[in-house]
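Report on the structure given below.
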Amino acid sequence: MTQTQTHTPAPSIAWCQAMQAKLMAALDAAWASLERSHDPAEIRKIRDKAKAIGDLAAMARKVALIVPMARAARPPAPPLSAPIAPTLAEALAPAAAPMGPPMTAPMAAQAEHARRALDKLKGGRRGRL
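In my numbering, the protein residues as written are 2 to 130.
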């Protein structure tokens, strides 16, 4: 299955202004009908419509904020010159060499601390109430 990705441009300022004008007109109409109505069922319908308008406005705001940021062009990395290449290999060689014997004291202290914490969680020894 092949999928083509299309790049859709960010919404224009004109689109945002048109959407805002439509939403404001719809909200004004709902407000006007709310002022002249006294029927609780109709008022509930108008409130639901106003809430839907608010939800649309929130979605439109999120869409309007999706603007791809312009990325600065990165300069290409300079090529390695011949005199630097052996030096770089020598610099990386000690990192590949095995290290000395592992330090056991800090590891043992961490293991003891972890064992005590586990005993407290299980309710053993000092952890009992």
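For every residue, glycine included, the Cβ atom is placed at its ideal position computed from N, Cα and C.
*Say whether the region 39-46 touches the region 55-69, bearing in mind that this needs 3 or more beta-carbon pairs closer than 8 Å, one atom from each stretch.*
Judged by pairs of C-beta atoms under 8 Å, the region 39-46 does not touch the region 55-69, as fewer than three such pairs exist.
_Classify A31: buried if its beta carbon has 16 or more other beta carbons within 10 angstroms, exposed otherwise._
Flag for A31 reads buried.
_Please state the DSSP three-state secondary structure of H39._
Look at H39 here: in three-state DSSP terms it is coil, with no helix or strand label.
*Name the residue from R117, L66, G124 and H114 whose alpha carbon lies nearest to the alpha carbon of C17.*
Answer by Cα proximity: L66.
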